[in-house]
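**Student:** The sequence shown begins at 1 in UniProt numbering and counts up one residue at a time.
Virtual Cβ for every residue (Gly too), placed ideally from N, Cα, C.
Below is one structure. I have some questions about it.
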Amino acid sequence: MPQVDFYILPSADPSARLDFACKLTEKAWRMGHRIYLHCSDDAQREELDARLWRFKGESFVPHGPAEAEPEGRVVLGLGDNCGDHQDLLVNLDLKVPPFAGAFARVAEVVVEDPAIRQAARESFRFYREQGYPLQDHRLQRL
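The following block contains the structure:
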């Protein structure tokens with residue numbers, strides 16, 4: 001059963017979720033984790049891909065689409081299949097993916113946008129009902 005962490009950002013800008021996902025991914029990658037970034041659609045995945053290339057000038061996080069690099073340490077995926085990834089899931093979709101329970105850890109990234117906050121509340125309820133250990137992290141700054 002995964003540990004589920006909700007990262008609550010002090011911003012209403014939905015793009016702040018992608019920036020934070022880049023930071024979290026870099027940190028986890030440097031620690032040797034395999035990361036599956038679950039995107040809601042192709043447009044979000046393309047934007048996240050671009051941000052991973054440029055979010056920090058002095059670092060680079062090797063990554064690719066999950067379909068092309070199923071064994072990659074950092075992959076960006078869509079749909080209902082995460083391959084054999086089971087380490088860290090960074091969920092950027094507004095619903096809990098069906099494979100979330102296969103991971104050791106799940107990160108949900110929340111901003112103050114009303115639709116995203118409502119989706120996060122529903123996800124929190126789902127995880128709690130399933131008995132997952134939950135933790136929230138209210139960040140003071142980005």
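1) So, do the stretch 56-63 and the stretch 71-83 have three or more beta carbon pairs nearer to each other than 8 Å?
2) Provide the residue(s) that pair with Ile-35 in DSSP beta bridges, ordered along the chain.
3) For Tyr-7 and Lys-95, what's the separation of their Cα atoms in angstroms?
4) Taking Glu-67 as the reference, which of Arg-121, Ser-59, Glu-58, Leu-78 has the closest Cα?
5) Short of 7 Å in beta carbon distance, which residues of its chain neighbour Ala-28, apart from the five on each side in sequence? Order them along the chain.
6) Looking at the structure shown, is Pro-114 part of a helix, part of a strand, or coil, going by DSSP?
7) If you draw a straight line from the C-alpha of Cys-22 to the C-alpha of Trp-53, how long is it?
8) Can you tell which of Phe-20, Leu-37, Glu-26 has its C-alpha closest to the C-alpha of Gly-83?
9) From the DSSP output, in three-state form, read off Asp-49 for me.
10) For Pro-133 versus Gln-44, is the C-beta spacing smaller than 7 Å?
11) Tell me where the beta strand (DSSP E) around Phe-6 begins and ends.
12) So if DSSP puts Pro-65 in a beta bridge, which residue, or which two residues, is it bridged to?
**Tutor:** In brief:
1) Cβ pair count under 8 Å is three or more, so yes.
2) For Ile-35, which the question treats as bridged, DSSP gives the partners Val-74, Leu-88.
3) The alpha-carbon of Tyr-7 is positioned some 15 Å away from that of Lys-95.
4) Distances from the alpha-carbon of Glu-67 to those of Arg-121, Ser-59, Glu-58, Leu-78 put Leu-78 closest.
5) Result list for Ala-28: Ile-35, Leu-88, in chain order.
6) Helix at Pro-114.
7) Distance between the alpha carbons of Cys-22 and Trp-53 is about 9 Å.
8) With respect to the C-alpha of Gly-83, the residue from Phe-20, Leu-37, Glu-26 having the closest C-alpha is Leu-37.
9) Look at Asp-49 here: in three-state DSSP terms it is helix.
10) No. Outside cutoff.
11) Element bounds for Phe-6: 3-8.
12) Pro-65 is bridged to Leu-76.
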